[in-house]
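Student: Counting from 1 along the sequence shown, just add 109 to a position and that's the residue number in the numbering used here. Built from N, CA and C at the ideal position, the CB exists for glycine as well.
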Amino acid sequence: MKHTLLLLLPSVLPFFGQAQVRINPGVHFIATGAPTIVLNNAPLVNYGQFDAGSSTVFFTGTDHSYIGGDNPIAFYNLALNIPSGHLQLWNNTAVSGRVILDSGNLQLNTYTLSLGATGSISGERNEARITGNSGGAITAIALLNAPHAANPGNIGVEITSDANLGQTLITRGHVPQSNAPGQTGIQRYFDILPSLHTDAPATLRFYYFDGELAGYSKDGLNLFSGTPGESNWTVKGKDNSDGINNWVLKTNVPASQRFTLALAPAAIASTASAQIYPNPSRNAFTVSLYSSTEKEGVISLRDQWGHILQSKAIHCQPGVNKIEWNISGYAAGAYNLVFDRLNVKNTTIIKQ
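Structure, rendered in structure tokens:
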């Protein structure tokens, strides 16, 4: 027999401690009105049923947390304020109101965050953002009839077109995309899938964060397009860009494609570049190092005082060279990755 638990919640309902907030099988958790449910250092695990009403579920504290269980949860508002940690998805999740990012990152962890037609992202910035270098995606749906700078769900891409694109699915992912020669893009891409006039020309303004560049220079970024699952990418270039507000704009591109940013061939030929992912990292990260020529160099991992903790001699072949790096034995914090004789800008890796 199933049991229904009706909770008439006050304006703020706090849960404290390290234990899970667990909705067991057969339990029906109903939030009435518009309460704020605060989970301090407490994961939310759902094996029953959760009715969000107009509630805001607020994850706070100083520790990493997660949303899990066998049954996905559909939130109204989902808020995050974990200054020194992150919130990780362990199941597909939907938000029909707002995803509010006060501090800390929301990690997709191979799962999907669905915004539907009404959800949106609020407060996202480089220091508090949605990431997913290991996989996962954010999706939003919108009816786009001759849209002008439409950014459904505040997902990070503005779409302008004279055509009626109909109901359009926009997907944002963070796994670097690779083309046939082995070049990789930044840690962000968009799939745009209109239901009508898929070949209609559009203008796209593609936004990104500094933490997604993975060593690339903003000045050399250009829009690339391709088909999901394939490696034949076309350089679309750019008509305008802003390295302060972090966007690249391109006119007259087909509305239905996968889009990412990467260095144009001319920029690749004149320099080396590196991507580091995932960053932040818990146990290990990968250095994806592109070089136009064969060369020797050294990469060193250093602490904040400049002490060398590890160093690796690198023999680069033309193209992409991948170096795996294990940091599981180090304390959480910021470390510097220094490139010697490789013509690559030094970068910071965050150990969680």
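For T369, count the other beta carbons within 10 Å of its own beta carbon; 16 or more makes it buried, fewer makes it exposed. Which is it?
Tutor: buried
Student: Measuring straight from C-alpha to C-alpha, what distance separates D179 and N200?
Tutor: 7 Å
Student: Can you tell which of G320, R450, T141 and G194 has its C-alpha closest to the C-alpha of N149?
Tutor: G194
Student: Extract the residue ranges of the beta strand (DSSP E) inside the region 326-381, only unbroken runs of 3 or more that lie entirely within it.
Tutor: 330-335, 343-346, 349-351, 356-363 and 366-372
Student: Compare the C-alpha of A309 against each of I301, L322 and Y316 and name the closest.
Tutor: Minimum Cα distance to A309 is reached at I301.
Student: Using alpha carbons as the reference points, say which of F184, G442, S231 and I295 lies closest to S397.
Tutor: I295
Student: With the cut-off set at 8 Å, would you say G406 and I417 are in Cβ contact?
Tutor: Not in contact: G406 and I417 (Cβ atoms no closer than 8 Å).
Student: Could you check whether L224 and T248 sit closer than 8 Å to each other, using their CB atoms as the reference points?
Tutor: yes
Student: Residue range of the beta strand (DSSP E) that E267 falls in?
Tutor: V266 to T269
Student: Alpha carbon to alpha carbon, how far is T169 from D211?
Tutor: 10 Å
Student: Expressed to the nearest angstrom, what Euclidean distance is found between the alpha-carbon atoms of P256 and T269?
Tutor: 5 Å
Student: Looking only at its chain, what residues have a beta carbon closer than 7 Å to the beta carbon of A161, apart from the 5 residues adjacent to it on each side?
Tutor: A140, A183, F184 and Y185
Student: Since N392 and I436 are thought to touch, with beta carbons under 8 Å apart, how far apart are those beta carbons, to the nearest angstrom?
Tutor: 7 Å
Student: Between V284 and N331, is the Cβ-Cβ spacing less than 8 Å?
Tutor: no
Student: Return yes when the Cβ of I250 is within less than 8 Å of the Cβ of A272, no when it is not.
Tutor: no
Student: If distances are taken between C-alpha atoms only, which option among G415, F394 and L372 comes closest to S400?
Tutor: Nearest C-alpha to S400: L372.
Student: Cβ atoms of G206 and G228: under 8 Å apart, would you say?
Tutor: yes
Student: Would DSSP call E433 helix, strand or coil?
Tutor: strand
Student: Taking C-alpha atoms, which residue in W414, T402, V429 and A383 lies nearest to I408?
Tutor: A383
Student: Compare the Cα-Cα distances from Y317 to each of F333, N354, A311 and W342 and report the closest residue.
Tutor: Across the set F333, N354, A311 and W342, the C-alpha of N354 shows the shortest separation from the C-alpha of Y317.
Student: For the ligand NAD, I want to know if G265 counts as a neighbour, meaning its beta carbon is within less than 7 Å of at least one of the ligand's heavy atoms.
Tutor: Among the ligands in the structure shown, none appear at all, so the ligand NAD cannot be discussed.
Student: Hey, out of A237, S174 and Y175, whose CA is closest to D319's CA?
Tutor: A237
Student: Have a look at T171 and K327 and give me their C-alpha separation to the nearest angstrom.
Tutor: 33 Å
Student: Return the Cβ separation of K404 and L451 in integer angstroms, given the expectation that the two are a contact with Cβ distance under 8 Å.
Tutor: 7 Å
Student: Under the three-state reduction of DSSP, which class applies to G438: helix, strand or coil?
Tutor: coil
Student: For the beta strand (DSSP E) that V147 lies in, which residues bound it at each end?
Tutor: T145 to N149
Student: In the DSSP output, which residue or residues are listed as bridge partners for N254?
Tutor: N273
Student: In the DSSP output, what is G282 paired with across the bridge?
Tutor: A246 and Y298
Student: Output the boundary residues of the beta strand (DSSP E) element that contains P389.
Tutor: No beta strand (DSSP E) contains P389, which DSSP labels as neither H nor E.
Student: Can you tell me which of S365, T312 and G438 puts its alpha carbon nearest to the alpha carbon of G346?
Tutor: T312
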